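Residue numbers (my numbering): 17 to 336. We put the beta carbon where it would ideally sit given N, CA and C, even for glycine. The structure presented is a predicted model; accordingly, all values stated were derived computationally and were not measured.
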Amino acid sequence: MPEGWPLILNEPGVFTGLINSMGLSDIQAEELYEFKYESWKSLSPVYGIIFMYPWAPNTMDDSRVLLPNECDFFFAKQVATNSCATQALLSVLMNLPATVDLPPLLKRFKDFAMPLTAEGRGLAIQNSTELFDIHCSMARPPMMTMEQDTTTESNEESFHFVAFVPIDGKLYELDGLKLGPVCLGDIVPENEESEEDCFLRVVAEEMTDRIRETMSSTLSFSMMAVCKDILLSLKEKLDVAKDANDEAVIAELEFDINEEEMRREQWSNENIRRKHNYIPFLIQLLKLMSEKGELEYAVNRARGMANHAANHAEKILRRK
17 MPEGWPLILN EPGVFTGLIN SMGLSDIQAE ELYEFKYESW KSLSPVYGII
67 FMYPWAPNTM DDSRVLLPNE CDFFFAKQVA TNSCATQALL SVLMNLPATV
117 DLPPLLKRFK DFAMPLTAEG RGLAIQNSTE LFDIHCSMAR PPMMTMEQDT
167 TTESNEESFH FVAFVPIDGK LYELDGLKLG PVCLGDIVPE NEESEEDCFL
217 RVVAEEMTDR IRETMSSTLS FSMMAVCKDI LLSLKEKLDV AKDANDEAVI
267 AELEFDINEE EMRREQWSNE NIRRKHNYIP FLIQLLKLMS EKGELEYAVN
317 RARGMANHAA NHAEKILRRK
């Protein structure tokens, strides 16, 4: 098993594909576009939040970190490079409430990994052929990844995924690059607030604070909820509306179901295109263009267009 895993995109269709491939058909990932936790309630139940942010070595605050042996839930150190997306997802799925039955793959892995140390669990993830294959199934083929010059320092941001999960009335940050879980405090409902609403509110406050602290340097953040399958929830609501013979609600739900099914089809098509290796096709296309004498013309035309665009941009900058 390679030490480094291929990168995967931060897309809800990709994460939902990972979840489904692990055997959970009634759970999905849904992107969150705003920090108003009230808008997240429609996704209930929400099992955890995955947060992606630009990682830097000096951002690791270990002041609130628990030692792994101080907790009785699943936490694993990240051992494999670039596995943080799948590892953050596992941090949520391995700590699902007892009311959710784990599929055979995840149950076997959890039974095997729980007696191990946090680092041992990370090694178990790295060495799991099944988890590696599922991760790779949502990544671009290796031939499509351009080799990078490792002799020069890259100016590109490195992104990292962590999970925020409610466990036994407390909110935990599970980050495989930290020494252990981070306890962010108790989930204490206010007034008539439910425990899940309190969890969402506390997470939203934590995310807002973190982004505010680094907003001056970057705005590259994203959040995804790991929640009950939206399509399943809509169909359950439709059954209730049909029993009540509520025509208006039935029409609205049927519209929403159709929209969601179209979105799932789009996810499926995007995942197929993402995984397909177009290199052989492109090589053959270039060969045919060369044989017909069209390649040189196409290259010169593309260069001319690029130069024209560069000159136009330079003129605009000079005017400013």
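Sixteen is the threshold: since fewer than 16 other Cβ atoms of the shown chains lie within 10 Å of the Cβ of residue 130, the residue is exposed. For residue 305, the enclosing alpha helix (DSSP H) starts and ends at 295–307. Distance from the CA atom of residue 150 to the CA atom of residue 244, rounded to whole angstroms, is 20 Å. In this structure, residue 97 keeps its C-beta atom at 8 Å or more from the C-beta atom of residue 34.
Using a Cβ-Cβ distance cut-off of 8 Å, the segment 179–189 and the segment 38–58 are not in contact, since fewer than three pairs of beta carbons, one from each stretch, lie closer than that value. CA-CA distance, residue 258 to residue 277, rounds to 20 Å. The alpha helix (DSSP H) runs of length 4 or more contained entirely in the segment 90–133 are, from start to end of the chain, 100–109, 120–129. Between residue 60 and residue 212, the C-beta spacing is below 8 Å. At the C-beta level, residue 248 and residue 119 stay beyond 8 Å of one another.
Straight through space, the alpha carbons of residue 215 and residue 136 are spaced by roughly 30 Å. Residues 53, 65, 180, 187 of the same chain have their beta carbon placed closer than 8 Å to that of residue 219, with the five preceding and five following residues left out of the count. Shown here, residue 46 sits in a strand according to DSSP, grouped into three states.
Within a 10 Å sphere around the beta-carbon of residue 43 sit 16 or more other beta-carbons, which makes this residue buried.
In the three-state DSSP reduction, residue 52 falls in the coil class, being neither helix nor strand.
Comparing alpha-carbon positions, the option among 104, 194, 38 lying closest to residue 117 turns out to be 38. Straight-line measurement puts the Cα of residue 322 at about 10 Å from the Cα of residue 328. When secondary structure is reduced to three states using DSSP, residue 139 falls in the helix class. Remark: C-beta atoms of residue 223 and residue 31 do not approach each other more closely than 8 Å.
In the structure shown, residue 244 adopts extended strand secondary structure according to DSSP, grouped into three states. DSSP links residue 189 through a beta bridge to 180, 198. Residue state for residue 154 is assigned as coil, using DSSP reduced to three classes. Apart from the 5 residues on each side of it in sequence, residue 68 sits with its Cβ closer than 6 Å to the Cβ of 26, 175, 177, 238 in its chain, given in chain order.
Classified as buried, residue 94 has 16 or more neighbouring CB atoms from the shown chains inside 10 Å of its CB. Around the C-beta of residue 271, fewer than 16 other C-beta atoms lie within 10 Å, and the residue is accordingly described as exposed.
Of 45, 154, 304, the smallest CA-CA separation from residue 109 is found for 45.
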